Every structure is written in C-alpha cells, then in structure tokens.
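Reviewing the structure listed below.
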Amino acid sequence: MSTTTTTTNKINFHIRPAVPSPTNDDAAWIVSAFDSCIPHLKSIGSAGQWGTKPLSVARPGLLQSRIDSIAESHAWALAGKGDPVKVVILEAETSMPGGEEGRVNVGSMTLRGNYFAGYLTQGGRSKSKLREGGQEKETEALLIEGTIKRERERLERGESKGWMYLEVLVTSFDEGAKEFRRGAGAALVQSAVRFAKDELGLERMYVDCWAGNGGRLVRFYEARGFEKVALFTVPLKVDERGDFWEGMFLKMELGSKGEE
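Under this note's numbering, residue 739 is the last one in the sequence shown; the count climbs by one each step, no gaps.
The structure is reproduced here in structure tokens:
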C-alpha cells in the first residue's frame, strides 16, 4: 500500500489510500469523523453547516456513499482508466509505550476528476458581489454555471486534461485524534495539489464549502491558495438549518506541471 509522508506543525502525517474491506473499516471511520465534527461545529457557531444531529443519522445513505467512493477509488488506482477518483486517509504518527511508532487516523479526503457537485447547477443560485463606481452592487450571475460550461467545453475540444474537484475533506474531533489533528486539513489540501498538478498535470482545482459564520471555512481554503468564484444557495427541504444553505464556490490555479 503506497503512502505519502508530510510534516505540518511538527506532526508527521502519512496519507494512504482508503481501501475496501469486508468490514468497511475505512468507510465506517470516515462516517465517524463526520459525526465527531457536529459538537465542535455547534460550539463555534457553525451548526448551520451540517446541523446538530450526527450525520450517520441525518444522512442514512452516508456510509454506503463512502463505501461506493472507496470502491471507485480502488478500481481507478488499479486500472487507471476513466475519470480519476481518489479517497485517502490521513494518519498522524504517535508515540507508543517503549518508544515505538504508532499511527492514528485524523482525516480523510475524496477527490474527483472532471466532476462538479450536482447542486451547483441543479437549484443552486449563484450570486456575486461586484463593485462599480465605488458602490457595492449585488448581481445575480451565472458565474458557476459559466465556469462549469467552459471547463467541460475545453475538455471536449481537447484543450485541457480536465480539472480536479475536492469533493470531501473532513478531520476528526474524536478524543484519540484531537491531539494530532492540528494541520491535518492543510496537509490534505497539499496532497490534493500534488496529485492534481504533479501526478496528473491538471491546471485547476475546485472546491465548495459552507459560507456561513463569517466565512471561517472560506478563509481556510483561501489560506491554502483557493480564490472565491461566487456565492450560491441551495434550497433545503424540511431542515433545522432553515430554507437555504449558502455556500462558496472556489478555484485554485495550479499552473502547468513543473512550473515554479
């Protein structure tokens, strides 16, 4: 099993592929990581991101979706055919009794090539804030839809190798991981850049995230090199979070392979 090692905040992280198994251990751990985030998000005023119920309860299909994604990732790693799918687990080195090295799961990420989340064009309403003549003007725009259309057309015409979409990024707040999770999100994004740019030679990567609570999560992605494209809203059905979920769509220009 191949792994990548990176060091952030003096913690040595190891990134390995999530693997299918009869007991679905990696998929189950990813779901538990999502559940561990809910109390933390509530404590910092970000309950609107995923709600207040464990996601394993609020989204009954979550485990199966992780099982399916891991199976897709494993199949792509073996065959290398079709659009890339990569699901990874981030492990942190720990000190064991006797000085032996141990590892604990602290995060996970799912990457999909040539993909955009369906809600970005199915019911999502993009909104950009522009400044004209020194005054802020809020303009309903089709910025996200236009970006998606251009990427797909460039791919179809053979003008691009495609793009990478950071579909899932989660870090664990379980007691066993808390001590080692600092810098985990940054390490995962760094790994995504290496995979998309250095291994696949792609020029752009996209992500979307919750835009509420003063844009805390948006700033995290901006600090990693992403740039805002547009705000969007997704209508919610009966939901404790309200009628709409507001998100931010962002992109990162990766440049050409080998570019300094």
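Glycine included, C-beta positions come from ideal geometry on N, C-alpha and C.
All figures in this text were calculated on a predicted structure; none of them were measured in a lab.
Check	Outcome
Residue burial classification, residue 723 (beta-carbon count within 10 angstroms, cutoff 16)	exposed
Option in 493, 529, 502 with minimal Cα separation from residue 688	529
Bounding residues of the alpha helix (DSSP H) (the contiguous stretch that carries residue 512)	504 to 522
Local Cβ density within 10 Å of residue 497, reported as buried at 16 or more and exposed below that	buried
Same chain, Cβ closer than 6 Å to residue 513, five either side skipped, listed in chain order	534, 649
Completely contained alpha helix (DSSP H) runs for the segment 519 to 566, where each covers 4 or more residues	526 to 529, 534 to 537, 541 to 558
Cβ-heavy atom distance, residue 551 to the ligand MG, below 8 Å	By its list of ligands, the structure shown contains no ligand whatsoever, and the ligand MG lies outside what it can speak to.
Opening and closing residue of the beta strand (DSSP E) in which residue 598 lies	Note, residue 598: premise wrong, no beta strand (DSSP E); not H, not E.
Nearest-angstrom Cα separation, counted from residue 539 out to residue 596	19 Å
Residues bridged to residue 642 (per DSSP)	Note: residue 642 sits in no beta bridge, so no partner.
Inter-residue spacing [alpha-carbon to alpha-carbon] between residue 625 and residue 655	44 Å
Any 3 or more C-beta pairs closer than 8 Å across the segment 663 to 675 and the segment 638 to 646	yes
Check whether residue 672 and residue 684 have beta carbons under 9 Å apart	yes
Those residues which DSSP pairs with residue 687 across a bridge	728
Whole-Å CB distance - residue 713 paired with residue 700, under 8 Å assumed	That pair is no contact at about 18 Å.
Same chain, Cβ closer than 8 Å to residue 623, five either side skipped, listed in chain order	599, 600, 603, 605, 708, 709, 711, 728
Terminal residues of the beta strand (DSSP E) in which residue 699 lies	It is not in any beta strand (DSSP E) - residue 699 instead sits in the alpha helix (DSSP H) that spans 695 to 702.
Coarse secondary structure for residue 716, derived from DSSP in three states	coil
Beta-ladder partner(s) of residue 627, from DSSP	For residue 627, which the question treats as bridged, DSSP gives no partner whatsoever.
Beta-carbon gap between residue 726 and residue 690 smaller than 9 Å	yes
Contacts around residue 731, its chain only, beta-carbon distance under 6 Å, and the 5 residues preceding and following it disregarded	684, 704, 705
Cβ-Cβ distance between residue 570 and residue 495 below 9 Å	yes
Candidates 552, 678, 558, 632: closest to residue 565 by CA position	552
Residues of its chain near residue 508, where Cβ-Cβ distance is below 6 Å and the 5 sequence neighbours each way are ignored	584
N-terminal and C-terminal residue of the alpha helix (DSSP H) that residue 654 is part of	654 to 657
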